[in-house]
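To get the numbering used here, take the position in the sequence shown, counting from 1, and add 21.
Ideal placement from N, C-alpha and C gives every residue a C-beta, glycine not left out.
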Amino acid sequence: MPETTRAAGTLHKVWPWMAAMLSGALATISLAPFNQSWACWIALTPLLAAVWFSGERAKRRGVRDVLFGYVAGLVFFWSAFSWLHTVTVPGLIAVGFYMAVYFALWGWLAGLVRPRPPLPEPERGPHAWPPPRPNDSPEARSPWLSSLRNLGLAFVLACGWTALEWVRGWMFSGWGWNGLGVAVHGVLPLIQIAEFTGVVGLSFVVAFANVIVVVTVRRFIAETKIQKRRPHYDFTLTMAAIVGLCAYGIRVLQEHPPTKPLRIAAVQSNVPREEKFSQQFQGKTFFQFAQLTRIALAVQPPPDLIIWPESSMPGPVLEDESNHRFVMNVAGSMKADLLLGSIDEDEKGAYNAALLVPGGAGKPQVYRKLHLVPFGEYVPGRHTVPFIAQIVGNQVPDDFARGTEAVVFRLTKDQIKVAPLICFEDTLGELAREFVLRGADLLANVTNDGWFLHSAASQQHIDNAIFRCVETRRPLVRAANTGVTCFVNQFGRITQVLRSKTGTTFTEGVLSGTVDVPALAQMTFYTRHGELFAKLCGCVALIFLVVRIPQLVRRKGEGIK
Numbered sequence: 022m023p024e025t026t027r028a029a030g031t032l033h034k035v036w037p038w039m040a041a042m043l044s045g046a047l048a049t050i051s052l053a054p055f056n057q058s059w060a061c062w063i064a065l066t067p068l069l070a071a072v073w074f075s076g077e078r079a080k081r082r083g084v085r086d087v088l089f090g091y092v093a094g095l096v097f098f099w100s101a102f103s104w105l106h107t108v109t110v111p112g113l114i115a116v117g118f119y120m121a122v123y124f125a126l127w128g129w130l131a132g133l134v135r136p137r138p139p140l141p142e143p144e145r146g147p148h149a150w151p152p153p154r155p156n157d158s159p160e161a162r163s164p165w166l167s168s169l170r171n172l173g174l175a176f177v178l179a180c181g182w183t184a185l186e187w188v189r190g191w192m193f194s195g196w197g198w199n200g201l202g203v204a205v206h207g208v209l210p211l212i213q214i215a216e217f218t219g220v221v222g223l224s225f226v227v228a229f230a231n232v233i234v235v236v237t238v239r240r241f242i243a244e245t246k247i248q249k250r251r252p253h254y255d256f257t258l259t260m261a262a263i264v265g266l267c268a269y270g271i272r273v274l275q276e277h278p279p280t281k282p283l284r285i286a287a288v289q290s291n292v293p294r295e296e297k298f299s300q301q302f303q304g305k306t307f308f309q310f311a312q313l314t315r316i317a318l319a320v321q322p323p324p325d326l327i328i329w330p331e332s333s334m335p336g337p338v339l340e341d342e343s344n345h346r347f348v349m350n351v352a353g354s355m356k357a358d359l360l361l362g363s364i365d366e367d368e369k370g371a372y373n374a375a376l377l378v379p380g381g382a383g384k385p386q387v388y389r390k391l392h393l394v395p396f397g398e399y400v401p402g403r404h405t406v407p408f409i410a411q412i413v414g415n416q417v418p419d420d421f422a423r424g425t426e427a428v429v430f431r432l433t434k435d436q437i438k439v440a441p442l443i444c445f446e447d448t449l450g451e452l453a454r455e456f457v458l459r460g461a462d463l464l465a466n467v468t469n470d471g472w473f474l475h476s477a478a479s480q481q482h483i484d485n486a487i488f489r490c491v492e493t494r495r496p497l498v499r500a501a502n503t504g505v506t507c508f509v510n511q512f513g514r515i516t517q518v519l520r521s522k523t524g525t526t527f528t529e530g531v532l533s534g535t536v537d538v539p540a541l542a543q544m545t546f547y548t549r550h551g552e553l554f555a556k557l558c559g560c561v562a563l564i565f566l567v568v569r570i571p572q573l574v575r576r577k578g579e580g581i582k
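Structure representation (structure tokens):
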């Protein structure tokens with residue numbers, strides 16, 4: 022066999038797998054730390070090409086489609102979440118193996134909607150009626166030439182992708198980070214539709230566009246072969262829709278709803294993770310927070326609210342005498358309210374909690390975290406599947422208990438209501454919505470991204486979190502132990518961020534400023550109805566499967582490929 026023939030055969034076998042891996046890589050570089058958002062618009066195209074245009078004679082083509090998707094998912098999740106290795110390498114591996122299933126399911130769906138090539142015309146004699154039409158070849162009857170069919174194809178696949186992202190956000194406790202739509206977080210006009218659809222609406226738009234890119238290229242190939250051009254209504258309508266969404270966003274960004282000012286100082290302590298919960302460093306921690314709080318109070322006009330990050334003190338505040346005395350002394354020395362992250366305890370266990378201590382050391386308000394982080398704050402199946410806990414080892418020695426209620430804090434200043442979101446809770450649209458339905462005017466996130474050192478985790482965290490502002494039309498204030506301490510307005514624009522003189526966000530300091538809190542408690546469509554758009558997409562995908570799968574079974578029984 023000639024070398025060129027052998028090489029061509031190898032390429033024919035390998036290119037689909039390389040394309041699947043390329044999809045995972047493109048999805049990764051569209052996010053932090055690379056921030057190449059353009060890549061999300063073509064991230065799914067190599068995977069679609071592998072599913073649609075390879076393995077025509079494969080006996081188990083459906084299995085190939087699933088494996089292509091799984092490979093793309095492995096590349097994406099292992100690279101995009103590579104920062105997990107700073108906490109748990111086994112956890113990173115497990116996350117990739119599980120999360121890749123969602124890519125695999127979409128690859129399978131893409132295979133189900135794959136258009137069948139037209140059957141060749143039967144041979145006809147010279148006097149057959151009707152006479153053969155010009156260019157009456159299989160390419161002239163290609164399904165790719167139909168704009169309506171292509172739009173339907175994109176709609177079904179975009180619905181499927183959206184539904185899978187939504188399921189990933191709640192299945193097995195859920196982790197919806199880094200959906201396809203998160204990559205366009207910086208395109209402010211476009212992301213304003215999240216007030217209706219949630220962030221998954223952006224994922225729908227991006228996935229839809231990816232499909233249209235593939236069918237447009239394939240359509241050009243078919244038109245070149247038959248030497249005939251037709252209007253590409255599918256591509257034109259898609260581009261017009263995206264422009265229309267941006268035009269709507271530009272109009273929204275020009276609005277100036279009534280607001281009331283709230284002076285806030287967010288403290289970033291930058292305590293190393295090995296010192297965070299050590300009683301040995303308690304005195305150092307007290308001194309540091311006292312100093313930073315004095316700096317915050319020295320700003321004129323003084324703050325109405327001071328925020329310390331997640332787990333500020335090296336132990337419980339309400340139960341530990343020294344921690345309690347320090348916090349109450351600080352709160353008693355100022356008029357500003359103090360919001361801080363803390364450990365809380367009762368007979369049922371320990372909780373990751375947030376406290377609001379009114380100025381003058383009034384009675385603390387307490388919120389206990391509702392959504393715990395798997396393998397961070399608890400180990401799933403610790404008592405039913407013991408080997409899982411053995412793999413994690415002493416990285417998560419005990420499980421936190423789960424809170425039971427979304428407690429909204431009430432500030433002294435104008436009775437403004439605050440949603441205290443802890444750690445990754447600001448990435449959960451449904452949870453933020455629950456707080457706003459209970460009257461929250463402001464979202465406040467206390468977090469500690471220091472677990473992941475100076476990795477991309479902190480930037481990915483804020484990139485995911487800003488959508489809560491658009492979804493609920495509420496501003497967000499974040500106080501991180503280290504990472505990104507910032508203010509975000511109701512349009513998803515970061516208005517202030519704490520940086521050192523060298524420009525890094527991994528620093529110690531105080532971010533002071535004024536946050537414009539909505540004066541009218543208006544509820545967005547998303548706040549009222551939640552993930553309705555994602556659920557509708559799920560219904561569309563399920564209806565398609567109910568109709569399509571029996572058709573494929575019948576075709577297989579009749580021996581039709």
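What's the C-alpha gap between residue i and residue j?
i, j, result
"L283", "F124", "43 angstroms"
"K34", "V84", "15 angstroms"
"E398", "P279", "39 angstroms"
"Q301", "R294", "13 angstroms"
"T314", "M355", "10 angstroms"
"D367", "A286", "31 angstroms"
"F256", "C507", "39 angstroms"
"S332", "I364", "6 angstroms"
"L452", "L360", "19 angstroms"
"F97", "G112", "15 angstroms"
"L274", "G197", "27 angstroms"
"T49", "M120", "14 angstroms"
"V509", "R459", "21 angstroms"
"P337", "L497", "26 angstroms"
"G383", "A352", "8 angstroms"
"W129", "V72", "8 angstroms"
"G530", "G362", "17 angstroms"
"L68", "V406", "35 angstroms"
"C558", "C180", "4 angstroms"
"S75", "S44", "16 angstroms"
What residue does the alpha helix (DSSP H) around residue i start on, and which one ends it?
i, result
"Q300", "No alpha helix (DSSP H) holds Q300; DSSP gives it neither H nor E."
"S343", "E342 to G353"
"D255", "Y254 to L274"
"T237", "V221 to I247"
"P111", "V110 to L133"
"G90", "R82 to A101"
"G381", "Neither: G381 is in no alpha helix (DSSP H) and is coded neither H nor E."
"L65", "It is not in any alpha helix (DSSP H) - L65 carries neither H nor E in the DSSP assignment."
Between which two residues does the beta strand (DSSP E) containing residue i stretch?
i, result
"C180", "First-last for C180: S168 to R189, but that is the alpha helix (DSSP H), not the beta strand (DSSP E)."
"R549", "Unbroken run through R549 is the alpha helix (DSSP H), F546 to H550; no beta strand (DSSP E)."
"G18", "In the structure as shown, the chain begins at 22 and stops at 582. Residue 18 is therefore absent and cannot be evaluated."
"D484", "Unbroken run through D484 is the alpha helix (DSSP H), A478 to T493; no beta strand (DSSP E)."
"R250", "No beta strand (DSSP E) contains R250, which DSSP labels as neither H nor E."
"S533", "G530 to P539"
"V205", "Element bounds for V205: n/a, residue is neither H nor E."
"R389", "Q386 to R389"
"G370", "G370 to V378"
Can you pull the DSSP bridge partners for residue i?
i, result
"H420", "Reading off the sequence, residue 420 comes out as Asp, not His. None, per the DSSP bridge assignment."
"I214", "DSSP lists no partner for I214."
"I515", "V509"
"E77", "None; E77 has no bridge partner."
"K281", "V538"
"V320", "Partner(s): none; V320 has no beta bridge."
"E426", "According to DSSP, which records beta bridges pairwise, E426 is partnered with nothing at all."
"E366", "A371"
Would you mind working out which of the options sits nearest residue i, comparing C-alpha positions?
i, options, result
"Q481", "A352, N350 and V205", "V205"
"V220", "N291, A184, L126 and A371", "A184"
"R499", "A93, F74, Q303 and S290", "S290"
"L377", "R431, P335 and V264", "R431"
"A70", "F89, F241 and L52", "F89"
"G195", "Y388, P395, L563 and L339", "P395"
"F12", "F307, L474 and P337", "Outside the shown range of the chain (22 to 582) lies residue 12, about which nothing can therefore be said."
"G94", "L65, G76, T245 and R82", "L65"
"M349", "L133, Q386, A371 and W187", "Q386"
"I63", "F229, I214, E186 and P210", "F229"
"K369", "D358, A375, P379 and R389", "R389"
(message) Counting beta carbon pairs with one atom in the stretch 426–435 and one in the stretch 320–332, are three or more of them shorter than 8 angstroms?
(response) yes
(message) Counting beta carbon pairs with one atom in the stretch 457–466 and one in the stretch 532–540, are three or more of them shorter than 8 angstroms?
(response) Cβ pair count under 8 angstroms is three or more, so yes.
(message) Would you call the stretch 231–245 in contact with the stretch 253–267, where contact means no fewer than 3 C-beta pairs closer than 8 angstroms?
(response) Between the stretch 231–245 and the stretch 253–267 there are three or more C-beta pairs closer than 8 angstroms, enough to call the two in contact.
(request) Determine, using beta-carbon pairs with one atom in the stretch 99–107 and one in the stretch 468–477, whether at least three such pairs fall under 8 angstroms. (result) yes
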